[in-house]
Structure formats: structure tokens, C-alpha cells
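In the working numbering, the protein residues as written are 407 to 798. Think of the CB as a built atom: it goes at the ideal place given N, C-alpha and C, for glycine as much as any other residue. Structure, as C-alpha cells:
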């Protein structure tokens, strides 16, 4: 590699310079504190695990995006986490093994072999919350409203849209039809693209029963009134009706607690189809093409670790969220102190720092720092004055 290329980073890998890094860290602290006020306890999963445990259950869907390497100490294969959710599920099922409802929150870096979004990077910083031990719609409502209140805590100024669906509807309509794998994949792809020509072309090739279900389901995305339309279309399917009841209950709760949030019901949303078992959702910020947060229900995740538990949760991409919120209008002021061994000055600097002020020693006396305050000795006492008040 030539010297001029040594500074290049791998594609999809970025670095955070002071301004952006400071904003992200302040956001991280604030949002974790907010989750803890809802009863979610902080955990720190490892960055690296044996693939035997990292890529089972929920993690199996992440195999193709997980960076793997051989452990020189054990000879076993290691993986760098591409998503923290499976790790927290393992901690609940195996490490904690608590009875009743368990609420956990986390934050950490992840690494993906390929980006998971068109405009995304390969190293998201993920913050999330998981609720284990309750299969109720109250648990789903809590997770969704916690997510929305967390974004409110982040002071997202642009309007938010909650995109909500339910994996159980697709499963109830198509799982008992014994479709061939390639046909089911075509149906899955057509619904995800929401391409009317593709859906019409595919429907013409399918049995009438399957084609009818496909075209009906493909039209069910829009305002919350879509729920009533779906009830009419699938009134004879009790599983679909139960899933619609789940969506309805969460939508009602969101309207009560977060009335400013727009709601988009999408019954064709199949994100995470292989591991989600119920409600799925994502939150979009106006003006951004990809979601800043997503989540859903993934019951039975703990079965592979010997403890079957219902679970629901969400994950926020902190890097994406930082870009979606306005920078703070006021920066914390900087106090510059001269180089000195005066004990009184050192004591003053310590007191200011303990009070939360930023105090920096001017190591080069000729340094010109604009727009800051200074520590100066006036009549034997060290005081803070505006920079323009410092005598020449």
C-alpha cells in the first residue's frame, strides 16, 4: 500500500471526529438513562463470541453478514457480533435465568461483512431495549412507546412515522398451503417490493386460492383504517383476526401516548420473517430513506439455550439518529487557564471541573483561542472572565 493510501478506511467503515463523537456520546448517555427510568437494566454483551452460540436461534439469520475468524487460543471459530439482540436473548435465557418479566437495555458497536441498508455503513452503533417473559400486547405496547419516547428524548425535530405490521398474518395465510420453496420465495420477494406488475404476473401463475390471498394481502398497507379492511377480507381466519387485534391495541396505545406520531400499517412487511413471530415495526424520520430504529416480537428465542421465553424489543442505529437530529445550538464554553504551579490556580481549576466546566491549560502562551473564557489572577484571586476582558 502506498503511503498516500494508508489513511484510507475499509468501505462502509467510518470514524467519528470530536464534534460528531461528542454528540453521539451525549445521546448514548441520555438514552440509556431514559431506558433505565422505565426499569430496563443495563448489560454489556461481549464484542466477540464463539459462532456456535452467536449464530444459533435468532443469530442464524445473521450468518451471512457476520465477520468470522479462528481463535488462536482454542482453535474454534469466533464471530464479531453483527447484531446485539441475539446476545441479550442468550444472556436472559442462560446467564440471568430469572423468573417473570426481565427488562434489559444495551449499547455497543457492531460489525457487518456487508451493509444492511443501501445508505448504511458496516459498523452501526446499536442501542436497544428487550423485554422478556411476557407475550401480552401490553408488552408490545410498552416497547413501542418506550422507543417513541426515547426518540423524543433525543429531540428529533422532524415528524416521526411508525411503520407497523405482523408476521403472523403472512404465516397464517400461506403456511398451510404447502407451497414449493421457490414459489414461496417469489411471493415473499414480490410483497417486499410492493411491485404491482410483479404481483399480478405472479398471481396469474398461481392456483386461484393462493392468487386471491396474494392480491388481497398486497393491497393492505396505508393508514390505520387498513386494519378494518383486513378484518373484512379475512374474517374467517381466526389467526389473522388475532394478529389484527394485536396491531389495533398497539396503535390505540400509540395514539394515546404519542399523538404526534404518524402511523403506517403495512401487513406486507416481512422484515425478519425467519425469526420474528408477531408484531414488527420500524420508525422513520421525515427526509430520511431508511429507518432509524426497528424491532418486533421474537418469541421462543431462548429455546436454543434451554429456556423458552417470549420476547420483544427494539434497536436504534445511533449513528443514523445523530444525523437525524439538529446539532445543539450552544456549545459548552471553554475556560483557558495559564501554565502555572500556583496551588490556588490548581484548586480553582479542580473546583470548576467538578462543577462540570471545561478547563484547558494553554500549553503555548502565544496560542490565540477565540470565543472562550479565561482564568486570570485579579488582586491575588483566580477568577473567570470573558476572553475580551483579559488585559493585554
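How many whole angstroms separate the CB atoms of residue i and residue j, which I take to be in contact at a CB cut-off of 8 Å?
i, j, result
"residue 573", "residue 676", "7 Å"
"residue 778", "residue 757", "The pair is not a contact, with the Cβ atoms about 18 Å apart (cut-off 8 Å)."
"residue 764", "residue 673", "That pair is no contact at about 52 Å."
"residue 761", "residue 788", "That pair is no contact at about 14 Å."
"residue 710", "residue 429", "That pair is no contact at about 38 Å."
"residue 655", "residue 543", "4 Å"
Answer with buried or exposed for residue i, where buried requires no fewer than 16 other C-beta atoms within 10 angstroms of its C-beta.
i, result
"residue 767", "exposed"
"residue 611", "exposed"
"residue 692", "exposed"
"residue 684", "buried"
"residue 569", "buried"
"residue 536", "buried"
"residue 682", "buried"
"residue 414", "exposed"
"residue 608", "buried"
"residue 755", "buried"
"residue 475", "exposed"
"residue 652", "buried"
"residue 419", "exposed"
"residue 640", "buried"
"residue 798", "Only weak support exists for where residue 798 lies, its pLDDT of 49 falling under 50; the coordinates are left without a value."
"residue 634", "exposed"
"residue 780", "buried"
"residue 716", "buried"
"residue 492", "buried"
Have a look at the options and flag the residue whose alpha-carbon is nearest the alpha-carbon of residue i.
i, options, result
"residue 722", "696, 714, 733", "696"
"residue 417", "527, 789, 606", "527"
"residue 627", "480, 585, 670", "670"
"residue 725", "411, 423, 413, 554", "423"
"residue 498", "438, 538, 747", "538"
"residue 720", "432, 441, 411, 426", "441"
"residue 540", "647, 520, 707, 718", "718"
"residue 520", "470, 555, 554", "470"
"residue 649", "629, 579, 618, 713", "579"
Sufficient close CB pairs (3 or more, under 8 Å) joining the region 549-568 to the region 699-706: yes
What are the start and end residues of each continuous alpha helix (DSSP H) run of 4 or more residues lying completely inside the region 546-630, in chain order? 573-580, 587-599, 602-609, 614-624
Output the residue ranges of the beta strand (DSSP E) runs that lie fully inside the region 667-718 and measure 3 residues or longer, sorted by chain position. 668-672, 685-691, 699-703
Would you say the region 501-517 touches the region 436-449, given that touching needs at least three Cβ pairs under 8 Å? They touch, by the three-pair rule.
Spell out a yes or no on whether the region 585-593 and the region 553-571 are touching, meaning 3 or more CB-CB pairs, one atom from each, closer than 8 Å. no
Given 8 Å as the limit, is there contact between the region 596-605 and the region 622-636, that is, 3 or more CB pairs closer than that? yes
For the structure I just gave you, are there three or more beta carbon pairs, one from the region 472-490 and one from the region 451-462, closer than 8 Å? yes
Would you list, in sequence order, the uninterrupted alpha helix (DSSP H) runs of no fewer than 4 residues that lie entirely inside the region 483-508? Every alpha helix (DSSP H) of 4 residues or more that sits fully in the region 483-508 is shown, in chain order, as 491-496.
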